[in-house]
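These notes are about the structure you will find just below.
Numbering (mature numbering (1 follows the signal peptide of the UniProt record, and there is no 0)), first residue to last: -19 to -1, 1 to 232.
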């Protein structure tokens, strides 16, 4: 930990010098504030690892490697956390427990927006849920999946949930078990929401395990990804910079 603190201190000095030389003071100040917050809270969290051809390029985040105060640690990884803890991953206890990525997270922004991710998680109670909003605004508005122990549903802008209408996503209860899903949303005549059980690297890109097309009423103005974590733990995420699905009406 002493070595890590030394790295942070050196980084703060370096950033201060860069700000003076380049004039990018606002950006450098924000980075310095993040590092200082992490240092004072003994926070540690990897910033993400680049991945390629798994099945597309992106960034992988292993939250089991994060520790300290969640707000400070997850800011190091590029996320804004509210009412979360770090205990073998990101732990949330209710609807106030949220996570929002700080930068654009689209897998395609030209023409029709697309967003793609892989999530590994554990649900700890029969009423546990994880809302996955992609793409999302900073206030968690956008097309939303809701993960439950035995099914993945869609969640409307009014908060109502229902099974996917094209091909339902159901499975034997995964309560207290680690599970991985690959999820994607395209803005095509409304939202085309779909995905697969298992890691994205092993799915068939020309078919999907669950889906619904032309879902209306969603806000597509955002470019982030966001989560509402209720009695659950997010272990890891892959955020992709290119879309995965190529089947059906996907373009």
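Think of the CB as a built atom: it goes at the ideal place given N, C-alpha and C, for glycine as much as any other residue.
query                                                                                                                                                                                : result
So which of 82, 45, 225 has the shortest CA-CA distance to residue 214?                                                                                                              : 45
According to DSSP, is residue 226 helix, strand or coil?                                                                                                                             : coil
Where do the N-terminal and C-terminal ends of the beta strand (DSSP E) with residue 207 fall, by residue?                                                                           : 205 to 221
On the three-pair Cβ rule with 8 Å, is the stretch 191 to 201 touching the stretch 45 to 58?                                                                                         : no
Determine the direct distance from the alpha carbon of residue 218 to that of residue 227, and round the result to whole angstroms.                                                  : 21 Å
Using the three-state DSSP reduction, which class does residue 199 fall into: helix, strand or coil?                                                                                 : coil
Taking the C-alpha atoms as reference points, what is the distance between residue 42 and residue 34?                                                                                : 16 Å
So the candidates are 102, 27, 61, 66; which of them puts its Cα closest to the Cα of residue 178?                                                                                   : 102
Just tell me which of 106, 67, 180 has its CA closest to the CA of residue 211.                                                                                                      : 106
If you draw a straight line from the C-alpha of residue 49 to the C-alpha of residue 69, how long is it?                                                                             : 11 Å
For residue 157, name the three-state secondary structure that DSSP assigns.                                                                                                         : coil
Between the alpha carbons of residue 165 and residue 138, how many angstroms are there, rounded?                                                                                     : 18 Å
Do the stretch 80 to 87 and the stretch 109 to 123 meet, that is, are 3 or more Cβ pairs less than 8 Å apart?                                                                        : yes
For the stretch 60 to 104, which segments carrying the beta strand (DSSP E) assignment without a break, of at least 3 residues, lie completely within its bounds, in sequence order? : 60 to 63, 65 to 67, 71 to 82, 95 to 104
By alpha-carbon positions, which one of 81, 29, 93 ends up nearest to residue 207?                                                                                                   : 81
Under the DSSP definition of a beta bridge, which residues are partnered with residue 46?                                                                                            : DSSP, once it has assigned bridges, lists no residue as partnering residue 46.
The alpha helix (DSSP H) with residue 55 in it runs from where to where?                                                                                                             : 51 to 57
Taking a contact to mean a Cβ-Cβ separation below 8 Å, would you say residue 245 touches residue 127 in this structure?                                                              : Because the chain is modelled from -19 through 232, residue 245 falls outside the range shown and cannot be assessed.
Decide if residue 2 is buried, meaning its Cβ has at least 16 other Cβ atoms within 10 Å, or exposed.                                                                                : Caution applies to residue 2, whose pLDDT of 45 falls short of 50 and renders its modelled position unreliable; the value that the coordinates give is listed next. It counts as exposed.
Tell me the residue span of the beta strand (DSSP E) that contains residue 116.                                                                                                      : 110 to 117
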